[in-house]
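Residue numbers (our numbering): 17 to 367. Where is the CB? At the ideal position from N, CA and C, for every residue including glycine. Written out below as structure tokens is the structure these notes cover.
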Amino acid sequence: MKTWEQYIRKVTPYTPGEQPKTANVVKLNTNENPYPPAPGVRKALCDMDSAILRKYPDPGATELVDAIAKYYGVKSNQVFVGVGSDDVLGMAFLTFFNSDKPILFPDITYSFYDVWADLFDIPYETIKLDDNFEIIPEDYFRKNGGIVFPNPNAPTAVEMSIDKVEKIIKNNQDSVVIVDEAYVDFGATSALKFIEKYDNVLVVRTFSKSRSAAGLRIGYAMGNEKLISAMLAVKFSYNSYTMNFPTIYAGVEAIKDDAYFKNLVEKIITTRENAKTKLKELGFTCTDSKTNFLFATHKSAKAEDIFNYLKTKNIYVRYFKKPRIDNYLRITIGTDDEMEKLYLALEEYLK
Ligand code: PMP
17 MKTWEQYIRK VTPYTPGEQP KTANVVKLNT NENPYPPAPG VRKALCDMDS AILRKYPDPG
77 ATELVDAIAK YYGVKSNQVF VGVGSDDVLG MAFLTFFNSD KPILFPDITY SFYDVWADLF
137 DIPYETIKLD DNFEIIPEDY FRKNGGIVFP NPNAPTAVEM SIDKVEKIIK NNQDSVVIVD
197 EAYVDFGATS ALKFIEKYDN VLVVRTFSKS RSAAGLRIGY AMGNEKLISA MLAVKFSYNS
257 YTMNFPTIYA GVEAIKDDAY FKNLVEKIIT TRENAKTKLK ELGFTCTDSK TNFLFATHKS
317 AKAEDIFNYL KTKNIYVRYF KKPRIDNYLR ITIGTDDEME KLYLALEEYL K
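And the structure:
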């Protein structure tokens, strides 16, 4: 007879980047935005009457959904919100990837995809990026149970042109194509315009990067009404009340303040381009980033050694001990001051 322990679902969980608790850390390891969210976010949280917490929140998070729909000029029934894009992507996998055919995603990509596939028992195949870490659309023209990729990709930071994205969507109209646009605001082109043209594309976004609100936990998906209503049915069969009052109120303010948002994004792009020049002077090569991070390899020093050295200086970057990328560092763009500290430490190590 089997014991209860033998019936437990066994999974290998995703390992997030470190969240060090010590003060004075330069934290460039989880692609957070180094600046605070829009001022309206603070006001919304301070003005919230805590008496409202007595009640359950609106399961549809209508105010937030409407604010997102208004911002992008889409219909509210084309928007789904969740607890960060991780939650949204997880719901999308559960909703759309139910075929016995494998889902497809790049071999170097966001490392949650294979975790969800394993969790939900979805067969998958990984498709090799080319030598420049680019996705080749034609590699995705084969029988599949769905497709998912980030654009720009992570951790490589490389963007696939919008024409190539369309090729993948167009040639896979029997399956759902999820375009994970966590980093799209930092200079890349969105696939959002395709949601009117194709009913098989789901664009997934987050408030965690360009909106400076990783701690709020808001992600959203935009797509054809049929896709969104299928996701809502799954969500309401799982947990209706995921979006709490503070998140909804603050989220509405975070998306409304376009001037603040544009200014922040511009600032990060400028710092990124300066960082690329500086890192080049120090002997690094970076991929062409359209994100809030750089993916960098050094001509002589080992990435793992640099990573460990930086940690002794209280500077955290990300290192992946994985084939093909085990000599790269992923460095989040911080404030100018934080970047200066990084350059100083690197100069010291590399001299
Ligand atoms: N997609 C990609 C490609 C990411 O890098 C991340 C951030 N780790 C996410 C989705 C999830 O972000 P969040 O859940 O904070 O929205």
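Check	Outcome
For Gly56, the nearest candidate out of Tyr276, Val81, Ile234 (CA to CA)	Tyr276
Start-to-end residues for the alpha helix (DSSP H) that takes in Leu61	55 to 63
CB-CB length for Val41 against Asn330, believed under 8 Å	5 Å
Beta-carbon proximity of Asp155 to Ile143, cut-off 7 Å	yes
Outcome for Thr222 when other beta-carbon atoms lying within 10 angstroms are tallied against a minimum of 16	buried
Whole alpha helix (DSSP H) elements within the region 21 to 103, 4-residue minimum	55 to 63, 78 to 88
Asn308 beta carbon less than 7 Å from that of Ile271	no
Nearest-angstrom Cα separation, counted from Tyr88 out to Glu79	15 Å
Residue of Ile124, Lys213, Leu326, Asn148 minimising C-alpha distance to Pro166	Ile124
Residues near Met107 by beta carbon distance below 7 Å, same chain, minus five either side	Gly98, Met247, Val250, Lys251
Those runs of the beta strand (DSSP E) which lie wholly inside the region 112 to 169 and span at least 3 residues	119 to 122, 140 to 143, 163 to 166
Spatial distance of Pro139 from Glu354 (CA atoms)	42 Å
Three-state class that DSSP yields for Asp352 in the structure shown	helix
Check: Gly235 C-beta below 6 Å from any heavy atom of the ligand PMP	yes
Close beta carbons around Lys315, own chain, < 6 Å, minus the five adjacent residues each side	Gly299
Bridge-paired residues (DSSP) for Arg346	Phe311, Arg334
Contained beta strand (DSSP E) runs [length at least 3] in the region 206 to 289, N- to C-terminal order	217 to 222, 235 to 239
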